[in-house]
Structures are given as C-alpha cells and as structure tokens.
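Here is the structure we will look at, set down as structure tokens.
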Amino acid sequence: MAATDNTSRRGARGKVLSRTERLRSYRYHHRATLKTSVLKMLREPLQSLLTILVIAIALTLPAALYLGVENISQLSGGVDSSAQISVFVKKGARDPALTKLAEQLEGLSGVASVSYISAQSALDEFKAVSGFGSALQYLDNNPLPEAFLVQPLLFNDASRLVAEIRKMALVDDVQLDMAWLQRLDALLDIGRKLVLALAVALGLGVILVVGNTIRLAIQSRRDEITVVKLVGGTDAYVRRPFLYSGLLFGLMGALVAAILLASLGFWLAEPVRNLAGLYQSQYSISGLGFGGFMVLLLIGGSVGLIGAWLAVGQHLRKIKPN
Amino acid sequence: MIRFDNLSKRYEGGYEALRNVSFEMDAGEMAFLTGHSGAGKSTLLKLLMLIERPTSGNLLINGKNLNRLPHAKVPFYRRQVGVVFQNHQLLFDRTVFDNVALPLQVAGYSHADIGRRVRAALDSVGLLDRERQNPIALSGGEQQRVGVARAVVHKPKILLADEPTGNLDPQLSAEIMALFKRFQDVGVTVLVATHDIDLINRMNMRIMRLNQGQMEQDGISYGGY
Numbered sequence: 140m141a142a143t144d145n146t147s148r149r150g151a152r153g154k155v156l157s158r159t160e161r162l163r164s165y166r167y168h169h170r171a172t173l174k175t176s177v178l179k180m181l182r183e184p185l186q187s188l189l190t191i192l193v194i195a196i197a198l199t200l201p202a203a204l205y206l207g208v209e210n211i212s213q214l215s216g217g218v219d220s221s222a223q224i225s226v227f228v229k230k231g232a233r234d235p236a237l238t239k240l241a242e243q244l245e246g247l248s249g250v251a252s253v254s255y256i257s258a259q260s261a262l263d264e265f266k267a268v269s270g271f272g273s274a275l276q277y278l279d280n281n282p283l284p285e286a287f288l289v290q291p292l293l294f295n296d297a298s299r300l301v302a303e304i305r306k307m308a309l310v311d312d313v314q315l316d317m318a319w320l321q322r323l324d325a326l327l328d329i330g331r332k333l334v335l336a337l338a339v340a341l342g343l344g345v346i347l348v349v350g351n352t353i354r355l356a357i358q359s360r361r362d363e364i365t366v367v368k369l370v371g372g373t374d375a376y377v378r379r380p381f382l383y384s385g386l387l388f389g390l391m392g393a394l395v396a397a398i399l400l401a402s403l404g405f406w407l408a409e410p411v412r413n414l415a416g417l418y419q420s421q422y423s424i425s426g427l428g429f430g431g432f433m434v435l436l437l438i439g440g441s442v443g444l445i446g447a448w449l450a451v452g453q454h455l456r457k458i459k460p461n
Numbered sequence: 036m037i038r039f040d041n042l043s044k045r046y047e048g049g050y051e052a053l054r055n056v057s058f059e060m061d062a063g064e065m066a067f068l069t070g071h072s073g074a075g076k077s078t079l080l081k082l083l084m085l086i087e088r089p090t091s092g093n094l095l096i097n098g099k100n101l102n103r104l105p106h107a108k109v110p111f112y113r114r115q116v117g118v119v120f121q122n123h124q125l126l127f128d129r130t131v132f133d134n135v136a137l138p139l140q141v142a143g144y145s146h147a148d149i150g151r152r153v154r155a156a157l158d159s160v161g162l163l164d165r166e167r168q169n170p171i172a173l174s175g176g177e178q179q180r181v182g183v184a185r186a187v188v189h190k191p192k193i194l195l196a197d198e199p200t201g202n203l204d205p206q207l208s209a210e211i212m213a214l215f216k217r218f219q220d221v222g223v224t225v226l227v228a229t230h231d232i233d234l235i236n237r238m239n240m241r242i243m244r245l246n247q248g249q250m251e252q253d254g255i256s257y258g259g260y
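Order-wise, the sequence lines are chains A and B. Using the working numbering, read the first sequence as starting at 140 and increasing by one per residue. Using the working numbering, read the second sequence as starting at 36 and increasing by one per residue.
And the structure:
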C-alpha cells in the first residue's frame, strides 16, 4: 500500500495493476455492465418489449407443440401396458382340454397373467353392455367361443407371443389390437420431427431478431464505441454490454414463454379433465416442470447470446475512429 | 520516444497523405505540427494512434516498432497515449466525471482509484466543481478542458492533440496551450497539430511543418510567414 501511495504522490506514470486488482475490477465491470444493460433495456421499454415478445412467441410455439406430443405419448404409454392378447378357443373343446391350454399359456415365457372367460360369461357381459339383451334371448345357442385373455409382461413381446399361441392345437384365432398404437407411435414420430424443424426455424428467427436489435443498439451508441476504442478499450470490453443485452433479451423471452405455456396449460386443464372423465381416466396434462423451465431458459439465453455475438462481430469492426 | 523512419501513407484510391516523413521526439519534448489542411497532420496523428497503419517505413515508440504490433495489442498501446480532439468527442449521455473516468474504467482501475485520479485530473484543468454536470451544459472552452482531463487522467507517456484550439477564442486557446506546457513539464511527450500560427509563434517551441505530405521544415525558430 505504501508503494502505491508513493507512486501517486510522485504522480509520474500510470501505474501497473496487480492481478487481483485486475480481477476485482473485471468482476466490477461485469456487474456494472449488467446493470447498465438492464437500465438501457428499461430506457426503451417499447422496443425492448417488442423484442422480448417476439422471442417469447418464437419459443412458445415449438415448446407448446413439444409438450403436446409428450403428453400424447405419455397417454399411449399408459395404453401399452394394457395391451392384451385375446385367444379364442375352437368350438366344442372340453373342460380338461381347456385346463391344459390354460396351463400351456401360463407356461409361455413373457406372460404376466392369463384369465379365462367362459362363453357364458362373455355372452352375459355382451347382453349387459350392448343393449341387445332382449334380442339375444332369441338365440338358440351361445355363438361366442370360450376365450383366454393373455397379458404380456412387455408390450414388445406381444407379437412373438401371438405367433407362438397361434401354433397351439386348440386355438382358433388370436387377436392383438395394437395396429392403432403403431399408428399413434408413427404420428408421434412425425410430431417430434415437426417440433425439431419448427424449433430450428424459429430459433434462427430469434437469432435474427436479437441480431437486429443489437445492431440498432450499436448504431445508437456509435460515439461511445468510438471513444472507448480510442482510449484503449479492448474488443472484449466493447462487446460485453451488447452480449449482456442479447443474453438478457433471450432470458426475458424464455421467461415470458414459460408464463405463456403455463397459462396455456391452465386454460386447457379443465377441458382435458372433462375429456379424461369421459374415458374413466384420471389423466391430466403435465406442464414444463422445473427441468423443462431451465432448458427453456438455457435455449433462450444461448439463442440471444448467439444473435448478439453475430451482430457485434459484424458491426463493431466497421466502427473506426477518425 | 517517438521516431518516424521514412514513413509513407497511401490511402486506398492512390491518395498519398504522407511521403517519406522522418523525425524524432525525445521523452518530455513538446512540439507543434503545422501545415495547411490536407497537408497530412491528421494522418500523422492517426498513425500515432494506430487508427491507420503506414504503407511503408517504420514507426517506433520507445524503441518498439508499431508495425509489428498485432491488432489485439492495439488497445494496450493506446492506454499509453492521451488524445485531445478538435471536436473534443465528449459523451453527452453521462456526467463530466464519467467522461473523464472512461480511460480508467477501460483499463480496469478500481472504483476508489478512479475517483481519486479523475478528481486530480479535473482539478488540474480547473473544473473540479463541474464533475456532476453534463458536459453539454459547459462552454466550449470548458468542454475542451474536460477533453484534456480525459486525455491525461491515466497519466500517458504521450499526449497528442488534433487542433485542440480550433473552436476557441485566443484567450481560451492560450489557456489550453499553457495546460499542455504543464504536462510537458512533468515529463509527458506532447505533440500538438494546429494551424493557429499566432499562437505557436508566441510559444517559442519546436515546429514541424508539413506540406503535401512531406516534412517541409523542422526547427525551433519559425520562419516563412
């Protein structure tokens, strides 16, 4: 400390800064830059709001589509486990043969459970549910076959089990109702690809929007940049406030997008619950969650930063003191 | 301190602003650079600030050849140089204090250090009581003095001035020149570009005269007018 005092008292030359001093003032400058970036944003509220809204909408669209696809695929995941194989037994099979078939089915690998539905109970259930009860009274004999319901452990095993069961002697027909599940899966695949394409396109849009906003900011601060360069400001020093602005725009956009998504979820919650109620389901839509929110912030922040970086790289070089 | 070694500058389009200019300035020396507009005064100062690079010849500062200085090192070189502009280049979106503080902020001085040095610089130009004002509220002479304070706040080894009295009346001009003389007295190398003949005749100092890009005259005694 004594040495520093000496130097300034003599007032001879600009002093050489120590490492810690540099680091401290570096941190100080980062804080100060962040503060002025926020203030600059507030000083032009309309322009800032427009930029933030454009970013928010561009982030909300793919994020909403993504959440839609994820919710539907969760729904189909719930259906997966209830995929059952219906095994219809040939007419006239006697009880000992049925018992043997049941044992055979239970012995297959990958089978979780086997339940027996007698022809009579199937008919009773059909009478009760279909509403044709009185008409069915006129039938001479029960047209329905004896049946087993086989529950596979894994959905992926279902087709193999169907093939094995079909080979058994007493089996008349085997049905696995999974075609619609495969179609849904294919649709979800298309949905996911669409989300990605939309996200990339709109992400590029956000980069352009942030880039343009930063370009205007650079132009309006041309004098300041010129002077800073003349008094020995490094490129990094000149760049820093604009990068902070870009980052802030991206983060604010992501925040607004999260609010929009939450409102959308809130708005849809009631009708979805009604729809689920019609299917006797407890299903409710799931939102972004904390992890999703962080990812959204990360994407918004990086896209803003990239936009600012590109604009700064392109325009700062052009500003030359004269 | 400053050495121009057969330096030429040709701009794109073929205009030759400086032709084989050679001169030397010792540390702590003060000199005037004069000549008609278009004679190359501004170009010479731009070369010294590394805003422009020479087409041929060598420019040495403190024995170091600036031609070999990479782009990334230019800011650090500029921190050893103070510049006063004709249009003073003050920023009207901040106070006088913040204008003068800029070279220190850029170089990463601590908050307390900046306060002390800025006040010392403002004191030396007699504007300590104006630190909180916006420079737009000051008179032309005061604005130029703020510009001088900003140019010397980081205690540069070299002080350059491009027509620093261009817009000022004779008395204010003399005040600014007296300021420069004071910095020379504490060891700063001072180079002032001006066409204010009356002023420099009264100062009795080294004068370098450029004519169409060439060094026409270099000496203490001033003749020819």
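Just so it is clear, CB atoms sit at the ideal spot from N, CA and C, and this is done for glycine as well.
Please list the terminal residues of the continuous beta strand (DSSP E) segment that includes residue i.
i	result
Met433 of chain A	That residue, Met433 of chain A, is in no beta strand (DSSP E); its alpha helix (DSSP H) goes Gly428 to His454.
Leu126 of chain B	From DSSP, Leu126 of chain B is part of no beta strand (DSSP E); its letter is neither H nor E.
Val227 of chain B	Thr224 to Ala228
Asp311 of chain A	Val310 to Leu315
Ser91 of chain B	Ser91 to Ile96
Determine the extent of the alpha helix (DSSP H) in which residue i is found, giving its start and end residues.
i	result
Gly254 of chain B	Careful: Gly254 of chain B lies outside any alpha helix (DSSP H), inside the beta strand (DSSP E) at Gln249 to Gly254.
Ile304 of chain A	Ala297 to Arg305
Ser77 of chain B	Lys76 to Leu83
Leu369 of chain A	Arg361 to Leu369
So what's residue i in DSSP terms, helix, strand or just coil?
i	result
Ala141 of chain A	Confidence at Ala141 of chain A is low in this model, with a pLDDT of 39, below 50, so its placement is unreliable and no value can be given for it.
Met240 of chain B	coil
Asn280 of chain A	coil
Arg114 of chain B	coil
Phe67 of chain B	strand
Glu183 of chain A	coil
Leu245 of chain B	strand
Leu399 of chain A	helix
Leu42 of chain B	strand
Met36 of chain B	coil
Glu47 of chain B	coil
Ser147 of chain A	Any reading at Ser147 of chain A must be qualified, since the residue scores a pLDDT of 38, below 50, and its modelled position is unreliable; no value is offered.
Lys332 of chain A	helix
Ala52 of chain B	strand
Ser57 of chain B	strand
Lys174 of chain A	helix
Lys99 of chain B	strand
Ile224 of chain A	strand
Val119 of chain B	strand
Gly258 of chain B	In this prediction, Gly258 of chain B scores a pLDDT of 46, lower than 50, which makes its location untrustworthy; the coordinate-derived value is nonetheless stated afterwards. In the structure shown, Gly258 of chain B sits in coil (DSSP, three-state: anything other than H, G, I, E or B).
Lys108 of chain B	helix
Gly73 of chain B	coil
Arg152 of chain A	Residue placement at Arg152 of chain A is poorly supported in this model, since its pLDDT is 47, which falls under 50; the coordinates are not used for a value here.
Gly207 of chain A	helix
Tyr422 of chain A	coil
Arg412 of chain A	helix
Arg88 of chain B	coil
Val221 of chain B	coil
Gly372 of chain A	coil
Since residue i and residue j should fall inside the 8 Å C-beta cutoff, what is the C-beta to C-beta distance between them, to a whole number of angstroms?
i	j	result
Met180 of chain A	Leu387 of chain A	6 Å
Ser164 of chain A	Ser145 of chain B	5 Å
Ala75 of chain B	Leu195 of chain B	In the sequence under discussion, the amino acid at residue 75 of chain B is Gly, which differs from the Ala named in the question. The pair is not a contact, with the Cβ atoms about 15 Å apart (cut-off 8 Å).
His189 of chain B	Pro138 of chain B	5 Å
Met65 of chain B	Gln219 of chain B	4 Å
Val119 of chain B	Gly182 of chain B	5 Å
Val250 of chain A	Pro291 of chain A	6 Å
Ile224 of chain A	Leu300 of chain A	6 Å
Lys44 of chain B	Pro105 of chain B	20 Å between Cβ atoms; not a contact.
Gly222 of chain B	Ala62 of chain B	7 Å
Val349 of chain A	Gly443 of chain A	5 Å
Practice prompt. Let me know the beta strand (DSSP E) ranges lying completely inside the stretch 133-216 of chain B, each 3 residues or longer, listed in chain order.
Written response: Complete beta strand (DSSP E) runs here, min 3: 193-197.
Worksheet item: Just checking, does the stretch 76-94 of chain B make contact with the stretch 166-173 of chain B on the three C-beta pairs under 8 Å criterion?
Response: no
Discussion item. Is it the case that the stretch 442-455 of chain A contacts the stretch 353-364 of chain A, given that we only count it when at least three CB pairs across the two stretches are under 8 Å?
Written reply: Contact between the stretch 353-364 of chain A and the stretch 442-455 of chain A is present: three or more C-beta pairs spanning the two stretches fall below 8 Å.
Discussion item. Taking contact to mean 3 or more Cβ pairs, one atom from each stretch, closer than 8 Å, check whether the stretch 121-134 of chain B and the stretch 359-368 of chain A are in contact.
Written reply: yes
Fill in: Contained alpha helix (DSSP H) runs [length at least 4] in the stretch 227-294 of chain A, N- to C-terminal order
234-246, 258-269 and 272-275
Item to complete: Count the CB pairs spanning the stretch 254-262 of chain A and the stretch 296-316 of chain A that are closer than 8 Å, and state whether there are at least three.
Response: no
Worksheet item: Can we say the stretch 367-385 of chain A touches the stretch 49-60 of chain B, given the rule of at least three CB pairs closer than 8 Å?
Response: Counting Cβ pairs under 8 Å, fewer than three are found: no touch.
Item to complete: Kindly confirm or deny that the stretch 423-443 of chain A and the stretch 200-213 of chain A touch, where touching means at least three C-beta pairs closer than 8 Å.
Response: Taking 8 Å as the limit for Cβ pairs, the verdict is that the stretch 200-213 of chain A does touch the stretch 423-443 of chain A.
Fill in: Given 8 Å, three or more beta-carbon pairs between the stretch 212-230 of chain B and the stretch 151-158 of chain B
no
Worksheet item: Can at least three beta-carbon pairs, one atom from the stretch 261-276 of chain A and one from the stretch 175-193 of chain A, be found at a separation below 8 Å?
Response: no
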